[in-house]
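These notes are about the structure you will find just below.
Pasting the structure below:
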């Protein structure tokens, strides 16, 4: 138990090193350098609950509460690369979850509009995005079924 507590209290420098290692080791098949830089820039550990934070840079989905998960880093990078975004693009994301995908996209496009049906998840995502100073993301709580 004590070892787990120590790992949850990783320093920003340790998280940064883990993020660099994630990009180097897990995203080698991603050739779009813009996506690589975006994945490097976004601190995934800020988008997951404290009890799984030490696992943030493993290539696996992690629980974020309410029976939802944050997608594994490779999946986020793969989907992002295949969007072939342009800096002038505006993106509508249905299903904000933790806000991580929106934060990655925000590194690449003019604005990301994201909607989450689960109120607590939407609020947590909004708080995380704001705490990171990502001003080109708009998080809305609602049902994205109709867009």
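In the working numbering, the protein residues as written are 10 to 156. A virtual CB, placed ideally from N, CA and C, is assigned to each residue, including glycine.
Pick helix, strand or coil for residue i, following the three-state DSSP scheme.
i: residue 92; result: helix
i: residue 39; result: coil
i: residue 116; result: coil
i: residue 138; result: helix
i: residue 148; result: strand
Taking the alpha carbon of residue i as the point to measure from, which residue in the options has its own alpha carbon closest?
i: residue 158; options: 38, 45, 31 and 61; result: Here the chain has residues from 10 to 156 only, and residue 158 is not among them.
i: residue 153; options: 20, 49 and 103; result: 103
i: residue 83; options: 109, 25, 140 and 100; result: 109
i: residue 20; options: 52, 39 and 36; result: 52
Just to confirm before moving on: does the CB-CB distance between residue i and residue j stay below 7 Å?
i: residue 137; j: residue 117; result: no
i: residue 107; j: residue 73; result: yes
i: residue 105; j: residue 89; result: no
i: residue 113; j: residue 148; result: no
i: residue 79; j: residue 57; result: yes
Should residue i go down as buried or exposed, given a rule of 16 or more other Cβ atoms within 10 Å for buried?
i: residue 29; result: exposed
i: residue 46; result: exposed
i: residue 63; result: buried
i: residue 125; result: buried
i: residue 133; result: buried
i: residue 101; result: exposed
i: residue 115; result: buried
Using a Cβ-Cβ distance under 7 Å, would residue i count as near chain D?
i: residue 130; result: In the displayed structure, chain D is absent; only one protein chain is listed.
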